[in-house]
Amino acid sequence: GWDETGNYTVAICQPAEDNILYYENICRLLEKIYNGKPLIYNKQVICVFYLTKAQEYREVAGILKNFSMKEKLSMAMSDLFSGFENLPWYYKQAQYTLLYYCMNEPDFFSTYADRCMEYFLSSCPNRKDLEMFCDPSLKMLDTYDKKHGTEYLHTLKIFLLNERNIATTAKSLHIHRNTLLYRIERLKNMLLS
15 GWDETGNYTV AICQPAEDNI LYYENICRLL EKIYNGKPLI YNKQVICVFY LTKAQEYREV
75 AGILKNFSMK EKLSMAMSDL FSGFENLPWY YKQAQYTLLY YCMNEPDFFS TYADRCMEYF
135 LSSCPNRKDL EMFCDPSLKM LDTYDKKHGT EYLHTLKIFL LNERNIATTA KSLHIHRNTL
195 LYRIERLKNM LLS
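Okay, here's the thing in structure tokens:
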């Protein structure tokens, strides 16, 4: 029942015990959190959460943090993402966070958002890796623009470059002030939904 264009996040945990019954018990517990869909893969438990609202991300992160402490697990969570086809990329985010920040401490939880700046500063990413630092809402706008032939992402960029000045932005975009106000209202609705 998942939506191909819905909102998701990926969590990965590394159980302390290498025991299939223990892994299965963790899977059962994760299924109860926002209808998580867990699986056992490479001696880790990976769980995908389908979130109907973007605001649920913080709530899930809090629940998983408590879960990792209670169960004494190292656990990491990706950013929120839209579109199930992006799952491999966000799996990579969670995997990176788990391997480099959570594995050395039992019952430790972290999100990729908490660690991405450290990753950025400690590596020389190639152009594709830079996408990991892009806020998911900007990727959503880019996808929307490509699908519908709109320019919301470009409008947002020019608006911010002009320090949110309506008159200057409208002039830079060669559009009427009311058209800009309409686009800004649409942007607010799209980013906050």
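Quick note, in this note's numbering, the sequence shown goes up one by one and the last residue is 207.
Don't be surprised by glycine CBs; every beta carbon is placed ideally from N, CA and C.
Computed from a predicted model, the values in this text were never measured in an experiment.
Exercise. Could you spell out the range, first to last residue, of the beta strand (DSSP E) harbouring P102?
Key: Sequence index remark: in the sequence shown, residue 102 carries index 88 (1-based). Not the beta strand (DSSP E): P102 falls in the alpha helix (DSSP H), residues L101 to T111.
Practice problem: May I ask you to report which of helix, strand or coil DSSP gives P29? | Solution: Position 15 of the sequence shown holds residue 29. Reduced to three states, the DSSP call for P29 is coil.
Exercise. Mind checking which residues open and close the beta strand (DSSP E) that includes F98?
Key: Stepping through the sequence shown from its first residue, residue 98 is reached at position 84. Element bounds for F98: n/a, residue is neither H nor E.
Self-check item: Y22 - partner residues in DSSP beta bridges
Solution: As a working mapping, residue 22 is identified with position 8 in the sequence shown. Per DSSP, Y64 and F95.
Exercise. With DSSP as the reference, label F81 as helix, strand or coil.
Key: The sequence position of residue 81 within the sequence shown is 67, counting from 1. F81 falls in the helix class under three-state DSSP.
Quiz prompt | Three-state class that DSSP yields for I47 in the structure shown | solution = For the purposes of this step, residue 47 is taken as the residue at position 33 of the sequence shown. Three-state result, I47: coil.
Self-check item: Residue burial classification, P150 (beta-carbon count within 10 angstroms, cutoff 16)
Solution: Counting from one through the sequence shown, the residue named residue 150 turns up at place 136. P150 comes out buried.
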